[in-house]
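A.B. asks:
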Amino acid sequence: VLSLLRETHQLIKEQSREADRRFKETDQQFKETDRQFKENALEFKETDRRLKELEHIVREQSRQIDKQTYQIEKQGQQIGGIGDKFGYFTEGMALPSMERILMERFKMTFIMPRVRIRKDGKTIEIDVLAYANDDVDLAVVVEVK
Numbered sequence: 001v002l003s004l005l006r007e008t009h010q011l012i013k014e015q016s017r018e019a020d021r022r023f024k025e026t027d028q029q030f031k032e033t034d035r036q037f038k039e040n041a042l043e044f045k046e047t048d049r050r051l052k053e054l055e056h057i058v059r060e061q062s063r064q065i066d067k068q069t070y071q072i073e074k075q076g077q078q079i080g081g082i083g084d085k086f087g088y089f090t091e092g093m094a095l096p097s098m099e100r101i102l103m104e105r106f107k108m109t110f111i112m113p114r115v116r117i118r119k120d121g122k123t124i125e126i127d128v129l130a131y132a133n134d135d136v137d138l139a140v141v142v143e144v145k
């Protein structure tokens with residue numbers, strides 16, 4: 001019986017050591033998993049910080065693009081206005097001699113500068129429209145360039 005008790009005691013000791021070893025191994029695995037979770041949490045925080053930084057950069061670039069687009073549109077309008085003014089200036093310079101030529105050489109009786117014609121929702125602009133219905137029966141359209 002004593003031998004059986006010693007054997008049982010020895011077996012229990014071995015099983016206890018094995019259980020302790022497995023417990024330590026499991027505890028070590030839990031610690032490793034916990035360390036990895038903490039590491040991942042730090043990486044997620046860093047990723048989140050970088051995303052917020054990137055969002056800020058994208059918003060700033062979008063704001064700058066909107067500002068530049070506005071400036072380009074404004075400059076386009078200014079350039080268009082200058083072009084219109086130059087066109088009116090050129091037409092004004094040409095009109096006196098054009099009137100004389102149209103009346104003397106082509107016998108025009110009606111001379112109209114800057115005529116706009118609208119039809120079916122479309123508009124055309126003519127720099128000078130001249131016509132005569134008497135003996136000549138003729139119309140002349142002049143585009144100043």
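Sequential numbering of the sequence shown, starting at 1, is according to UniProt numbering.
Positions of the beta carbon are idealized from the N, C-alpha and C atoms, including for glycine.
Being a predicted model, the structure only gives us computed values, none of them experimental.
Report yes or no: do three or more beta-carbon pairs, one from the region 96-106 and one from the region 74-83, lie closer than 8 Å?
C.D. replies: No, the region 96-106 does not touch the region 74-83.
A.B. asks: Using CA atoms only, rank isn't needed, just tell me which of D20, K122, G121 and T90 is closest to Q128.
C.D. replies: Looking up residue 128 in the sequence shown gives position 128. This sequence places Val at residue 128; Gln is not what is there. Checked all of D20, K122, G121 and T90; the closest Cα to V128 is T90.
A.B. asks: Just the Cα atoms here: how many angstroms apart are M14 and K31?
C.D. replies: Along the sequence shown, read from residue 1 onward, the residue named residue 14 stands at position 14. Along the sequence shown, read from residue 1 onward, the residue named residue 31 stands at position 31. The amino acid at residue 14 is misidentified as Met; the sequence shows Glu. Roughly 25 Å between the two C-alpha positions.
A.B. asks: Measure the CB-CB distance between I126 and V115 and report whether it falls below 7 Å.
C.D. replies: Counting from one through the sequence shown, the residue named residue 126 turns up at place 126. Counting from one through the sequence shown, the residue named residue 115 turns up at place 115. Contact flag set, yes.
A.B. asks: Which of the three DSSP states, helix, strand or coil, is assigned to R105?
C.D. replies: For the purposes of this step, residue 105 is taken as the residue at position 105 of the sequence shown. Reduced to three states, the DSSP call for R105 is coil.
A.B. asks: How big is the Cα-Cα spacing for R21 and E55?
C.D. replies: As a first step, residue 21 must be located in the sequence shown, where it is residue number 21. As a first step, residue 55 must be located in the sequence shown, where it is residue number 55. Answer to the nearest angstrom: the Cα atoms are 50 Å apart.
A.B. asks: Who are the Cβ neighbours of L102 in its own chain at under 6 Å, not counting the five residues just before and after it?
C.D. replies: Taking the first residue of the sequence shown as 1, we reach residue 102 at position 102. Closer than 6 Å at the Cβ level, and outside the excluded window around L102, lie M108, I111 and A130.
A.B. asks: Thinking C-alpha only, which one of D134, I65 and K85 is nearest F106?
C.D. replies: Taking the sequence shown and counting its residues from 1, one reaches residue 106 at position 106. Checking every option, the nearest Cα to that of F106 belongs to D134.
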